[in-house]
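Peer 1: For reference, the structure I am asking about is given below.
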Amino acid sequence: MRLAATVFVTALAVVVAGCASLPDSSSPQAIGTIERGAATTSMAAPEPGREPDLLLRDFLQASTDPSGRHAAARQYLTSGMSGRWDDAVSATIVDKIDVLAQDRDSDTAAYVVRANIVGYLEEGGVYRADEGELEATFTLVRSDGEWRIDELPAGVIMDKPRFLNSYQRRSLYFVEPRGETVVPDPRWIYGAPEQLAGQLIDLLVDGPKSTLVPAVTNLLADATVLGAVTKADGRTAQVGVGLGGVRVDFGGLGSLDTPTRERLAAQIVWTLAGADISGPYVLLSDGQPLDERYPNGWTTADVASMNPLASSSAQIGLHAVLGGNLVSVSETGVTPVQGYFGSAGNLASAALSQDGDLAAAVVATAAPAPAPASRLTVGTYHDPAPEPAVEGDTVTRPSWSPDGNSVWAVVNGTAVVRAVRESGSGRVTVVGVEAGAVRALGGEISELRLSRDGVRAALIVDGRVYVAVVVQTPSGEFSLTGPRQVAFGLGSPALSLDWSTPDTIVVSRSASDNPVVQVAVDGSRLDALPSRNLTPPVTSVEASTSTEYISDSRAVFQLNNGDPSGDRYWREVPGLAGLTATPVLPG
């Protein structure tokens with residue numbers, strides 16, 4: 022098993038002094054872009070005559086380059102410190118760096134570096150969002166007339182903008198439990214473009230990050246890479262750059278049936294294609310084609326059935342809860358759904374299965390206290406009498422599993438349940454989901470949305486955004502594991518959220534400035550979406566890979582992801598003009 026040498030691999034933390042307190046209301050700040058140019062291979066020497074504080078800042082900039090065990094940064098150290106510095110202990114990503122003088126004379130100087138912690142880069146390029154304060158002391162001495170660092174803490178401190186412009190955020194893909202699609206595992210990778218294909222293949226073989234291990238399958242787990250990753254015709258120069266495709270020869274795959282070969286190919290093809298590495302993708306097993314049908318290589322069309330960005334929303338169309346009823350929305354108006362869901366008059370929220378055949382809704386019971394105020398009901402799209410599932414004082418907006426056999430919700434702010442529907446009889450059974458790890462966070466769960474691949478759940482707990490992994494046990498039970506907060510810096514409480522892509526969540530927050538933001542699943546990005554035309558609060562969010570829909574205090578608006586960035590703004594949804602409604606998409 023090989024591990025890409027230029028992927029920085031660290032896992033521990035540096036000294037953290039307390040947690041940064043955030044204002045009750047502030048504008049979210051984009052933490053950078055993943056676009057970058059080619060990595061430089063030259064290492065500029067420290068500038069002669071540099072003052073110690075400026076040299077220390079230069080060192081922090083150079084620390085972003087992990088090549089040669091941070092050879093670029095080691096130039097700023099004395100020879101003794103270079104030998105002692107343990108750069109592999111941790112990698113802390115910070116912003117708003119202050120360099121404060123502590124002591125200085127003609128030959129020595131001490132400075133305190135203070136910064137806000139925004140995250141850590143862990144083993145295999147895994148980004149872990151966090152917040153807090155860093156304080157570290159650096160001592161410098163004159164060496165041959167030039168200032169050099171003679172004492173510093175173990176580990177690496179990286180300036181956030183420099184990190185985000187030096188590393189690439191790319192996703193590995195692994196197979197979800199049903200074997201019908203692939204699931205992203207974002208990683209941050211450093212290296213020249215021609216190194217990227219080999220790095221991604223190595224990381225795929227190495228497997229998913231630890232929190233995803235029980236939730237996905239890696240069909241390359243027992244594989245080795247035989248020889249070099251090359252272009253499709255065997256050339257070794259500029260692999261993965263421009264045209265020419267990629268060829269990879271794997272050992273240890275053994276005998277695989279056709280569906281397994283296709284799923285394995287999907288892992289590789291979508292990983293490389295998602296990193297802008299062009300095909301064809303020639304995949305070999307011990308020197309022979311992985312599949313005899315594709316001796317000249319695979320394309321994305323060959324694994325289109327497992328496209329992680331596929332969505333059923335375009336075929337099923339937009340719906341909405343309007344006046345307590347579920348309606349279908351067209352360009353010219355709305356049409357109530359036939360059956361109970363279109364005529365109940367008391368729907369508070371609703372959800373459609375991914376194929377559009379089933380519906381679930383939370384209805385207001387109108388029963389006097391102490392009777393439960395809300396009820397989850399489940400049935401077919403046109404069901405005249407759907408099955409009641411569960412009641413509570415509160416029931417969150419329902420969210421369907423990818424296979425359509427169950428709908429998830431949270432009852433009374435803490436109990437996560439699945440309402441499982443039998444396809445033949447239509448009977449509904451309510452089963453609890455093990456969610457102790459989420460309840461341990463404390464507070465009320467006000468929103469739960471399953472990702473379209475079913476492997477993750479996005480949650481709002483006491484106004485904060487978390488992502489948990491959905492794990493199914495051999496006995497068929499489900500649990501929510503490893504919840505991690507991902508929207509640090511949100512500034513004000515989250516109100517609603519939904520999955521845009523498999524690795525991106527759209528969140529509305531209770532703020533008048535930038536009320537809708539986009540959050541990366543690993544917490545590495547927090548980007549404000551346009552706010553033109555919106556009148557906060559934005560109370561509901563629905564999203565697909567192409568379009569975001571929201572409800573504000575006046576109407577329902579949509580944002581087209583394909584619009585040019587300079588002409589991207591929220592437009593009122595045709596058919597719902599002037600109406601107060603809640604948008605509904607499949608899932």
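Note that our numbering has the sequence shown beginning at 22, numbered continuously upward.
Beta carbons are placed, not taken as given, at the ideal position from N, Cα and C, and that holds for glycine.
All values reported here derive from a predicted model rather than from experimental measurement.
Under 6 angstroms Cβ to Cβ from residue 404, same chain only, skipping five residues before and after it: list those, please.
Peer 2: 360, 361
Peer 1: Roughly how many angstroms lie between the CA atoms of residue 116 and residue 399, to the nearest whole one?
Peer 2: In a straight line, the C-alpha of residue 116 is about 48 angstroms away from that of residue 399.
Peer 1: Taking all protein chains shown into account, do 16 or more other C-beta atoms lie within 10 angstroms of the C-beta of residue 133, making it buried, or fewer, making it exposed?
Peer 2: exposed
Peer 1: Could you compute how far the alpha carbon of residue 58 sits from the alpha carbon of residue 216?
Peer 2: Because residue 58 carries a pLDDT of 37, less than 50, the predicted location of this residue cannot be relied on, and no value is offered for it.
Peer 1: Going by the CB atoms, is the gap between residue 566 and residue 351 shorter than 7 angstroms?
Peer 2: No.
Peer 1: Looking only at its own chain, which residues have a Cβ that is under 6 angstroms from the Cβ of residue 32, when we skip the five neighbours before and after it?
Peer 2: Low confidence applies here, because residue 32 scores a pLDDT of 32, under 50, leaving its location unreliable; read the following figure in that light. Hits under 6 angstroms: 143, 144.
Peer 1: Around the Cβ of residue 452, are there at least 16 other Cβ atoms within 10 angstroms (buried) or fewer (exposed)?
Peer 2: exposed
Peer 1: Since residue 428 contacts residue 417 with CB under 8 angstroms, what's their CB separation in whole angstroms?
Peer 2: The pair is not a contact, with the Cβ atoms about 11 angstroms apart (cut-off 8 angstroms).
Peer 1: Mapping DSSP to helix, strand and coil, what is residue 498?
Peer 2: coil
Peer 1: With a 10 Å radius around its C-beta and 16 neighbouring C-beta atoms as the bar for buried, classify residue 65 as buried or exposed.
Peer 2: Residue 65 is exposed by the Cβ-count criterion.
Peer 1: Tell whether a beta-carbon distance below 7 angstroms holds between residue 424 and residue 393.
Peer 2: Not closer than 7 angstroms, so no.
Peer 1: What is the DSSP secondary structure of residue 219, counted as helix, strand or coil?
Peer 2: helix
Peer 1: What do you get for residue 586, buried or exposed, if any count of 16 or more other CB atoms within 10 angstroms of its CB means buried?
Peer 2: Counting Cβ neighbours within 10 Å, residue 586 comes out exposed, since fewer than 16 surround it.
Peer 1: Please state if the CB of residue 369 and the CB of residue 381 are separated by a distance shorter than 7 angstroms.
Peer 2: no
Peer 1: List the endpoints of the continuous alpha helix (DSSP H) containing residue 78.
Peer 2: 73-83
Peer 1: Nearest to residue 108 by CA position, among 341, 95, 505, 439, is which residue?
Peer 2: 95
Peer 1: According to DSSP, residue 356 sits in a beta bridge with which residue or residues?
Peer 2: 349
Peer 1: Counting only the same chain and skipping the five closest in sequence on each side, list residues whose C-beta sits under 6 angstroms from that of residue 241.
Peer 2: Excluding positions up to five away in sequence, the list reads 225, 226.
Peer 1: To test your reading of the DSSP string, which unbroken alpha helix (DSSP H) runs of 4 or more residues are found completely within the segment 173-221?
Peer 2: DSSP runs (the alpha helix (DSSP H)) wholly in the segment 173-221: 181-187.
Peer 1: Quick one: what's got a C-beta closer than 6 angstroms to residue 487's C-beta in the same chain, skipping five residues either side?
Peer 2: 480, 504, 506
Peer 1: Using the Cβ count rule (16 or more neighbours within 10 Å means buried), how would you classify residue 598?
Peer 2: Answer is exposed; the Cβ neighbour count stays below 16.
Peer 1: Please list the terminal residues of the continuous beta strand (DSSP E) segment that includes residue 301.
Peer 2: Unbroken run through residue 301: none, as it is neither H nor E.
Peer 1: For residue 486, which beta-bridge partners are listed by DSSP?
Peer 2: 481
Peer 1: Measure from the alpha carbon of residue 461 to the alpha carbon of each residue in 476, 449, 482, 443, then state which is nearest.
Peer 2: Minimum Cα distance to residue 461 is reached at 482.
Peer 1: Within 8 angstroms, do at least three Cβ pairs link the segment 151-171 to the segment 81-93?
Peer 2: no
Peer 1: When we look at the beta-carbon of residue 304 and count the other beta-carbons within 10 Å, is it buried (16 or more) or exposed?
Peer 2: buried
Peer 1: Would you please state the rounded distance, in angstroms, between the beta carbons of residue 542 and residue 569? I believe it to be under 8 angstroms.
Peer 2: The Cβ separation is near 16 angstroms, so there is no contact.
Peer 1: Given that a residue counts as buried once 16 or more other Cβ atoms are within 10 Å of its Cβ, and exposed if not, what is residue 121?
Peer 2: exposed
Peer 1: To which residues of the same chain is residue 422 closer than 8 angstroms at the C-beta, ignoring the five residues directly before and after it?
Peer 2: 428, 429, 439, 471, 475
Peer 1: What is the DSSP secondary structure of residue 227, reduced to helix, strand or coil?
Peer 2: Of the three classes helix, strand and coil, the one that applies to residue 227 here is helix, per DSSP.
Peer 1: Is it the case that the Cβ atoms of residue 465 and residue 519 are separated by a distance below 7 angstroms?
Peer 2: no
Peer 1: What do you reckon, are the CB atoms on residue 367 and residue 344 nearer than 7 angstroms?
Peer 2: Not a contact, by the Cβ cut-off of 7 angstroms.
Peer 1: So which of 191, 498, 71, 87 has the shortest CA-CA distance to residue 524?
Peer 2: 191
Peer 1: Kindly list the residues whose CB is nearer than 6 angstroms to the CB of residue 681, restricted to its own chain and excluding five residues on each side of it in sequence; keep chain order.
Peer 2: With the chain running from 22 to 608 in the structure shown, residue 681 is simply not present.
Peer 1: Give the range of the alpha helix (DSSP H) segment to which residue 429 is assigned.
Peer 2: Looking at the DSSP string, residue 429 is not in any alpha helix (DSSP H); the run it does join, the beta strand (DSSP E), is 427-432.
Peer 1: Let's see if you can read the secondary structure: which residues bound the beta strand (DSSP E) around residue 135?
Peer 2: 129-143
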